[in-house]
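Residues in the sequence shown are numbered consecutively from 34, following our numbering. Heads up, the beta-carbon is just placed ideally off N, CA and C, and yes, glycines get one too. First comes the structure, then the notes that go with it.
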Amino acid sequence: MCIWVYIDGFNLYYAIRDSGCKWLNIKALTEAAMPAGIIVEKLKYYTARVSGITDPDQPRRQQIYYNALRTLPEVELFFGQFLAKAVWRPVLNLPVGDRAIQHGNGPTTLPPGSYPVDPDAAVNGNQRESLPVGKYGKGNKVRQPALGAVKALVHVMEEKGSDVNLASHLINDGWAGRYEAAIVISNDTDLVEPIRIVVQELKKPVTLLCPSPFGVAKPLAAVASHVRHIHAAHLKASVFPDTLPGTGITKPASW
34 MCIWVYIDGF NLYYAIRDSG CKWLNIKALT EAAMPAGIIV EKLKYYTARV
84 SGITDPDQPR RQQIYYNALR TLPEVELFFG QFLAKAVWRP VLNLPVGDRA
134 IQHGNGPTTL PPGSYPVDPD AAVNGNQRES LPVGKYGKGN KVRQPALGAV
184 KALVHVMEEK GSDVNLASHL INDGWAGRYE AAIVISNDTD LVEPIRIVVQ
234 ELKKPVTLLC PSPFGVAKPL AAVASHVRHI HAAHLKASVF PDTLPGTGIT
284 KPASW
């Protein structure tokens, strides 16, 4: 049976980033987590290049991993993009140097003003620090319903395109007859409809290989032909060697 694998790179990454197994051979992982004897003919890995705004070394580490993946002849990489932007967001908790703002008892919506920091936790004895806060709004336009709440201008990164690319390829490859069965590695419910189309309309089986340690999303389980789970033992059995033989490609030190 011709099996193709579709991997949501960031969904997988966030599920395993604290496992110590980020240096992951995705072909070996698929074979470890699936029943013995399956033959994977193609793996499509969907990702995006990080910007390095919050971690200047992150793009270098990511590129090293891409280089490692490209040593696997069955693997093809597809890229979305990261969009960096500054946006206003309401604040639920705003510590100052890990010290709490003094303002009554319990949670509250703070009106605009300056608030003293707990003097018992101040840096220099009884020195008090204050934090100016303002109303939540976008630019100078205050908007409801968060009138009077603390606002903050925050840096956010939004990944765009990976899930759309995966969904499009899953359906198109199935329609074109490129695979007989598919495996999707993700726990993103944005993929419910493309999986449903392949299973129910193209009549091809799709196995959901869930990377999340918290269990599979129910909407995905409802449409997939089969559900399997990635466990710690699968991850540990599927890492690349620290240095890939004959390539000079070496795992980033922080990984």
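Looking at the secondary structure, which residues open and close the beta strand (DSSP E) in which residue i lies?
| i | result |
| --- | --- |
| residue 93 | From DSSP, residue 93 is part of no beta strand (DSSP E) but of the alpha helix (DSSP H) over 91-102. |
| residue 269 | Careful: residue 269 lies outside any beta strand (DSSP E), inside the alpha helix (DSSP H) at 265-269. |
| residue 45 | Segment 42-49 is the alpha helix (DSSP H) holding residue 45; no beta strand (DSSP E) there. |
| residue 240 | 239-243 |
| residue 74 | 73-80 |
| residue 260 | 259-262 |
Let me know if residue i comes out buried or exposed under the rule of 16 or more other beta-carbons within 10 Å of its beta-carbon.
| i | result |
| --- | --- |
| residue 208 | exposed |
| residue 87 | exposed |
| residue 51 | exposed |
| residue 89 | exposed |
| residue 140 | Model confidence at residue 140 stands at a pLDDT of 46, short of 50, so the residue's coordinates are unreliable and nothing is read from them. |
| residue 256 | buried |
| residue 218 | buried |
| residue 206 | buried |
| residue 53 | exposed |
| residue 108 | buried |
| residue 64 | buried |
| residue 236 | exposed |
| residue 173 | Because the pLDDT at residue 173 is just 45, under 50, the model does not fix this residue reliably, and the value given afterwards should be weighed accordingly. So residue 173 counts as exposed. |
| residue 159 | The pLDDT assigned to residue 159 is 45, lower than 50, so where the model puts this residue is not dependable; a value taken from the coordinates is nonetheless given after this. Exposed, by the Cβ-count rule. |
| residue 222 | exposed |
| residue 106 | exposed |
| residue 273 | buried |
| residue 189 | exposed |
| residue 275 | exposed |
| residue 157 | Any reading at residue 157 is ruled out, since the residue's pLDDT is 47, under 50, leaving its predicted position unreliable. |
| residue 287 | exposed |
| residue 210 | exposed |
Which two residues bound the contiguous alpha helix (DSSP H) that contains residue i?
| i | result |
| --- | --- |
| residue 121 | Where residue 121 is concerned, there is no enclosing alpha helix (DSSP H), although the beta strand (DSSP E) it sits in stretches over 114-123. |
| residue 86 | No alpha helix (DSSP H) contains residue 86, which DSSP labels as neither H nor E. |
| residue 60 | 59-66 |
Below 8 Å on the Cβ atoms is my contact criterion, and I expect residue i with residue j to pass it. Report the Cβ-Cβ distance as a whole number of Å.
| i | j | result |
| --- | --- | --- |
| residue 193 | residue 114 | 6 Å |
| residue 242 | residue 228 | Actually they do not touch by this definition, with Cβ atoms about 12 Å apart. |
| residue 212 | residue 36 | 6 Å |
| residue 199 | residue 220 | Between residue 220 and residue 199 the Cβ distance is about 13 Å, and since that is not below 8 Å, they are no contact. |
| residue 260 | residue 249 | 5 Å |
Stretch pair the stretch 270-285 + the stretch 76-83: three plus CB contacts closer than 8 Å: They do not touch, by the three-pair rule.
Alpha helix (DSSP H) runs wholly inside the stretch 185-254, at least 4 long, in chain order: Counting whole runs of 4 or more residues, the stretch 185-254 contains the alpha helix (DSSP H) stretches 195-208 and 225-229.
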